[in-house]
Structures are given as C-alpha cells and as structure tokens.
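Numbering of the sequence shown is given in our numbering, commencing with residue 101 and proceeding in unit increments.
The beta carbon of each residue, even a glycine, is placed where N, CA and C say it ideally should be.
As the structure is a prediction and not an experimental result, all values here were calculated from the model.
This report concerns only the one structure given below.
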Amino acid sequence: MSEIIVQPSFKWQRQDGQDIKVKDWICPIAEISEEPQVVVLGVPLSRSSISASAASEFPNAFRKSWELFTTYYIDEQVDIRALRVADIGDVKMHTTDILQCHHNIRDAMQEVMARHPQSFYVSIGGDHSITAPLVRALSEGKRVGILQFDTHLDLRDLSNGPSNGTPIRQLLEAGVVQGEDVYNIGLHGFYNAPSLIEAAKHYGVNMITLKQMRRKGAQQQIAEVMAELQDKVDFVYVTVDIDVLDIAYAPGVPASTPGGMRTDELFDLLYEVGKYDAVRAMDFVCIDPQRDTSELQTVKAVTYAFLTALCSRYIHLK
Numbered sequence: 101m102s103e104i105i106v107q108p109s110f111k112w113q114r115q116d117g118q119d120i121k122v123k124d125w126i127c128p129i130a131e132i133s134e135e136p137q138v139v140v141l142g143v144p145l146s147r148s149s150i151s152a153s154a155a156s157e158f159p160n161a162f163r164k165s166w167e168l169f170t171t172y173y174i175d176e177q178v179d180i181r182a183l184r185v186a187d188i189g190d191v192k193m194h195t196t197d198i199l200q201c202h203h204n205i206r207d208a209m210q211e212v213m214a215r216h217p218q219s220f221y222v223s224i225g226g227d228h229s230i231t232a233p234l235v236r237a238l239s240e241g242k243r244v245g246i247l248q249f250d251t252h253l254d255l256r257d258l259s260n261g262p263s264n265g266t267p268i269r270q271l272l273e274a275g276v277v278q279g280e281d282v283y284n285i286g287l288h289g290f291y292n293a294p295s296l297i298e299a300a301k302h303y304g305v306n307m308i309t310l311k312q313m314r315r316k317g318a319q320q321q322i323a324e325v326m327a328e329l330q331d332k333v334d335f336v337y338v339t340v341d342i343d344v345l346d347i348a349y350a351p352g353v354p355a356s357t358p359g360g361m362r363t364d365e366l367f368d369l370l371y372e373v374g375k376y377d378a379v380r381a382m383d384f385v386c387i388d389p390q391r392d393t394s395e396l397q398t399v400k401a402v403t404y405a406f407l408t409a410l411c412s413r414y415i416h417l418k
C-alpha cells in the first residue's frame, strides 16, 4: 500500500448471496482479482473549509451507509453487481498543513491513475478544496471540462489561501482549466456576491441557474452541456457539492441553504451524466455527517446519488 493512500479505518464483512447489499458489492482493493472498472478514493479533508465542518468524517460515514442499499435499481430494473467497484482507501492527511494535504491528494490521484489507467474515478470528500488537486492530477497533458453542481461559484480570491470557496478559481488562475470549459448548474438565491459574478464573467464561466435547468429539464440540459464540452475537451470531470440541494433535503452540509435542488432533480442530472463516456471522474464534497439528522438523510442522499451515476454508467456504457 502507498504511503499516501491508507486503508480506511472502517470496512464491512462482506457476504455473498442473491440479495446482497452495497457493502457486499464494493470490494477493498486487496480483495478484487480483476481490474476495477470504478475506483473509490476517500479524501478526508475539512480543515480548509471556510465554515466549521466535519466533512473529513464523511468517507467513513459514506461507507457505513452501504448496508442501507441493495445493488438492484428498480427504476430501471437492473442489478449493477457485475460492475467491478474497488475501494482503494483514503488519502493520508497532514494534521495542520493544508498545502501538504493538497499535495498528497494530487499525488494519490496520480498513483491511482498509474495503477488503474482505465478506471472511472470517484473521490469522496472532504470539503470542496479537494477538487483542485484532483483535477490537477488528472489534467496533465489534457484539456479538462468541469461540470459543477453547486449553489456557489467557488471563485473567491486566493488571498487567504486555498479553501472550499476557491477550487475553481485556483484551477482557472493556474491555467489548468479554461473558463469556457466550466459549467456550473444549480446556482440559485442570494449566495454569490457581485464580485464573484464579475469573476465568473471575467473568466467566461458558464453559469446555469436552477431556474434555467428546471425550464429545460435534466435530460435536455445535460445533453446541451455535454454536446458543447465533448467538442472542446479531452474528458469531463464532475464535481457535486451537496450544498446544491435544498436544506430540506440535505441539512448535513456546512453551507446549507433554502431554495436549492430537490434530491430527485440531482439524481436525474447524475443519471444523464452517467450516459457519457467523456465523463471520466467525479467527486462528492461538503457533506458533514455530524450536522445530519438522526435518519442520515444527507448521507443517504449522497449514497443514492453515487449509485445512480454508477447505475447509468453501467447501463449505457457496458
């Protein structure tokens, strides 16, 4: 095992049978004999969050939720257990040094890519700052498009260092991505200051409000965005900030807001995203399990979203 990718502190005893759960399906990397089609990487960083957050606890909360879901998706009447999914572990974090944590995240993703070059990569955060080092690792020699589901633009200036409010700004200022290749879907309400709108316009970021998406519907909106991206980029990276969901559906986030997406809207968008081979990597960020309800409604929503994206990928790309 790598020095920067460590075994998670929590794992399930797996069982076989007809009625398996997700916990019985996703294998620790050491237990999978064939090359995985999907690699899951935990990224437990929350020190860089602007507001107090225990998002570092989410990778294990995510794993613990696997007992609550089966591999059978009744909406499409398909069992996805044949999809080979490996849990590779967690990126090792420095206790205090955020920049060192970001170096570790970049190096870990580069290691994952070297080991599993044909896999689909899903990173489980952590706060939204993790997206910048992940994309840096993936982008070497390639033009990357970013499809962002978010309430916020994440274009804060970098004067106070990297944070969960700066990942897109970091990538733009470093020339890792181009503004015209960034599509943010789900913007709504009173949560982006004029200076951030000005920055988005300066860089040419594509801003798609929740109202605009609802007028078109998930299928048409994703089809239009992907048609534009596939003509420009080598691959697409999807980043899902769960604060895009309304507070009624996802209270377990540091920056929860009213007026956001419903869970079914996010699931529909991710189902559409899963149809495209150009999408090579994805992350889920800014989930604080300590803020969640006793029913784990936010944790369950993220796991459902993750499974929906993988199910679509399995159906349409197999």
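| Check | Outcome |
| --- | --- |
| Residues near leucine 272 by beta carbon distance below 7 Å, same chain, minus five either side | Gly279 and Tyr303 |
| The alpha helix (DSSP H) enclosing leucine 255, as first and last residue numbers | That residue, leucine 255, is in no alpha helix (DSSP H); it is neither H nor E in DSSP. |
| Beta-carbon contacts of aspartate 343 that lie in its chain and below 8 Å, excluding the five residues immediately before and after | Asp250, Thr251, His252, Ala350, Val353, Pro354, Ala355, Ser356, Thr357, Gly360 and Cys386 |
| CB contact flag (asparagine 284, methionine 313, <8 Å) | no |
| Rounded separation between valine 244 and isoleucine 322 - CA only | 17 Å |
| Where the beta strand (DSSP E) through aspartate 502 begins and ends | Residue 502 cannot be examined here, being either before or after the span of the chain that is shown, 101 to 418. |
| Nearest-angstrom Cα separation, counted from serine 394 out to serine 219 | 35 Å |
| Outcome for glycine 286 when other beta-carbon atoms lying within 10 angstroms are tallied against a minimum of 16 | buried |
| For tyrosine 349, three-class secondary structure by DSSP | coil |
| Contact the stretch 221-239 vs the stretch 376-390: 3+ CB pairs below 8 Å | yes |
| First and last residue of the uninterrupted beta strand (DSSP E) at serine 223 | 220-225 |
| Contact under 8 Å by Cβ, isoleucine 246 with valine 191 | no |
| Buried/exposed call for phenylalanine 367, threshold 16 Cβ in 10 Å | buried |
| Neighbourhood of glutamine 107 by C-beta distance below 6 Å, restricted to the same chain and skipping five residues each side | Gly189 |
| Selection from Val222, Ala300 and Met193 that minimises the alpha carbon distance to glutamate 103 | Met193 |
| Boundaries of the alpha helix (DSSP H) in which aspartate 383 is found, first to last residue | Element bounds for aspartate 383: not the alpha helix (DSSP H) but the beta strand (DSSP E), 379-385. |
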